[in-house]
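A.B. asks:
There are 2 protein chains.
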Amino acid sequence: MRIGELSRRTGVPARLLRYYEEQDLLHPERAANGYRSYGEPAVRDVQQIRGLLDSGLTTEMIRAVLPYLGGPGEIHPPAECVSAETADLLRSHIDRIQARIDCLARNRDRLTAYLAAVRPDRDAR
Amino acid sequence: MRIGELSRRTGVPARLLRYYEEQDLLHPERAANGYRSYGEPAVRDVQQIRGLLDSGLTTEMIRAVLPYLGGPGEIHPPAECVSAETADLLRSHIDRIQARIDCLARNRDRLTAYLAAVRPDRDAR
DNA sequence: CTTGACCTTCACACTGATGTGAGGCTCTGA
DNA sequence: TCAGAGCCTCACATCAGTGTGAAGGTCAAG
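So the sequence lines, in the order shown, correspond to chains A and B. Sequence positions in the first sequence follow UniProt numbering and run 1 to 125. Sequence positions in the second sequence follow UniProt numbering and run 1 to 125.
1. Is there a C-beta anywhere in chain A that falls below 8 Å from the one on B/Ala87?
2. What is the DSSP secondary structure of A/Ser37, counted as helix, strand or coil?
3. Between the Cα of B/Arg91 and those of A/Glu5, A/Pro28, A/Met61 and A/Ala113, spot the shortest distance and give me the residue it belongs to.
4. I'd like to know if B/Ile62 contacts chain A, where contact means its C-beta is closer than 8 Å to some C-beta of that chain.
5. I need the straight-line Cα distance from B/Leu89 to B/Gln47, nearest angstrom please.
6. Quick one, which residues of the UniProt domain "HTH merR-type" (1-68) of chain A are near chain B if we go by CB-CB under 9 Å, in chain order?
7. Assign A/Asn107 to one of two classes, buried (16 or more other C-beta atoms within 10 Å of its C-beta) or exposed (fewer than that).
8. May I ask you to list, following chain order, the residues of the stretch 97-118 of chain B that have a beta carbon less than 7 Å from some beta carbon of chain A?
9. Taking the alpha carbon of A/Arg100 as the reference point, which residue from A/Pro28, A/Ser83 and A/Leu53 has its own alpha carbon closest?
10. How big is the Cα-Cα spacing for B/Gly39 and A/Thr86?
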């Protein structure tokens, strides 16, 4: 599929799909006329990228973990390809994601407490 | 306290403390010589600002909410000052933070599962 | 009185994710 | 064959920082 269709199907502006390619997150083929040509899995990939970006991960971080994030049950690179170093790197990425989760949870709690304190009437639920 | 001490105590570069003032998030007094003079609560304010920025709130949002965020149990301006609109905005932002947490947790679990599948030896713990 | 640490403003430049527009090529349908 | 939709690249703009440097004021200690 071409960039316009992918954009429509994911809701992500074509501009950003090009940007993600520039950032090495997407790797569309090129048609003879130069147009980008995306496979079906690109839809899920884009959604994955969006989710992670929205969660505050950088493209660099996403680039590092994306290859390992398949659909449910899919393992992309076979086990033999994963060196001890890669595994370590992956573990440290997981730690960073956890740190981010902790930070967000902390602030969610702060904001929730604030809201409860300031509007206990409508927001007690 | 002056800007250097506040910077040391919060770990936030003086440059950013001036920036937050420019953004109307901090309001230090000025000494006779023009030096910024921060009160003790500024330490907590700065940490709060950092946390909220990290959570993806805009400076505009923080500006709206910060006056009401006291220490534990302190609510400065009475509840009536918080408009329903502000509260709604805040609620929707809390929801967004939660969505981010969910997304990250999902992906953390995926990565963990991947790691476990690919290196069941050293990573089973 | 000078030195050095600390403060002031101003200003330019970089990042990352995204918006916007210009100028031009490709393809399809009337 | 021409319009229009869709694609291409290039490039500048924005926001929230962040770094750096210039040019200068303030103050305490030697």
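Every residue gets a Cβ at the ideal spot worked out from N, C-alpha and C, and that includes glycine. Computed from a predicted model, the values in this text were never measured in an experiment.
C.D. replies: Taking the coordinates as given:
1. For this step, residue 87 of chain B is matched to residue 87 along the second sequence. When Cβ-Cβ separations below 8 Å define contact, B/Ala87 makes contact with chain A.
2. Position 37 of the first sequence, counted from the first residue, corresponds to residue 37 of chain A. In the structure shown, A/Ser37 sits in a strand (DSSP, three-state: E or B).
3. Along the second sequence, one-based indexing puts residue 91 of chain B at 91. In this structure, A/Ala113 is the residue among A/Glu5, A/Pro28, A/Met61 and A/Ala113 with its C-alpha nearest to the C-alpha of B/Arg91.
4. Translated into the one-based positions of the second sequence, residue 62 of chain B becomes position 62. No, no contact with chain A.
5. On the second sequence, residue 89 of chain B is found 89 positions in, with the first residue counted as 1. On the second sequence, residue 47 of chain B is found 47 positions in, with the first residue counted as 1. Whole-angstrom Cα-Cα distance: 22 Å.
6. Residues Gln48, Gly51, Leu52, Asp54, Ser55, Gly56, Leu57, Val65 and Tyr68.
7. The sequence position of residue 107 of chain A within the first sequence is 107, counting from 1. Buried.
8. Those would be Ile97, Gln98, Arg100, Ile101, Cys103, Leu104, Ala105, Asn107, Arg108, Arg110, Leu111, Thr112, Tyr114, Leu115, Ala117 and Val118, in chain order.
9. Looking up residue 100 of chain A in the first sequence gives position 100. Taking each of A/Pro28, A/Ser83 and A/Leu53 in turn and checking the Cα distance to A/Arg100, the smallest one comes out for A/Leu53.
10. Position 39 of the second sequence, counted from the first residue, corresponds to residue 39 of chain B. Position 86 of the first sequence, counted from the first residue, corresponds to residue 86 of chain A. Going from the Cα of B/Gly39 to the Cα of A/Thr86 covers about 48 Å.
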